[in-house]
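Under this note's numbering, the sequence shown has 119 at position 37, and the numbering climbs by one with no breaks. Glycine included, every Cβ here is placed at the ideal spot set by N, Cα and C. Just so we're clear, the structure is a prediction, and the values are computed from it rather than from any experiment. Worksheet: the structure to be examined is printed underneath.
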Amino acid sequence: MPPKRPAKEEPSDYELLNRFCESYKRLRASVDTATAKDNKITQLRERNEFLEGELKEANMREESLRRDSEEAERSG
83 MPPKRPAKEE PSDYELLNRF CESYKRLRAS VDTATAKDNK ITQLRERNEF LEGELKEANM
143 REESLRRDSE EAERSG
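Take a look at the structure:
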């Protein structure tokens, strides 16, 4: 007959609380990391939108200057 294994002891309330706290800390760190990444993505999107607007304005100014230059060449 195989020897009996000792009954598995249930973790104490302290051990359970400690495990919960460690799990919570890991979860919180994951949430904080995800939040930081999301904030960075939002910041980069806003910066990209701003730069796209600046580029559009610069292109419009360039086109206007080109037209003015062509017009001046024709009349002068």
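Counting along the chain, where does the alpha helix (DSSP H) carrying residue i start and finish?
{"i": "E155", "result": "D95 to S157"}
Cutting at 6 Å between CB atoms, please list the residues of its own chain near residue i, excluding the five before and the five after it.
{"i": "T118", "result": "One detail in the question is off: residue 118 reads as Ala in this sequence, not Thr. If we look at A118 and ignore the five residues flanking it on each side, it has no Cβ neighbours."}
For residue i, collect the residues of the same chain with a Cβ closer than 7 Å to its Cβ; drop the 5 residues on either side in sequence, then sort them by chain order.
{"i": "S151", "result": "none"}
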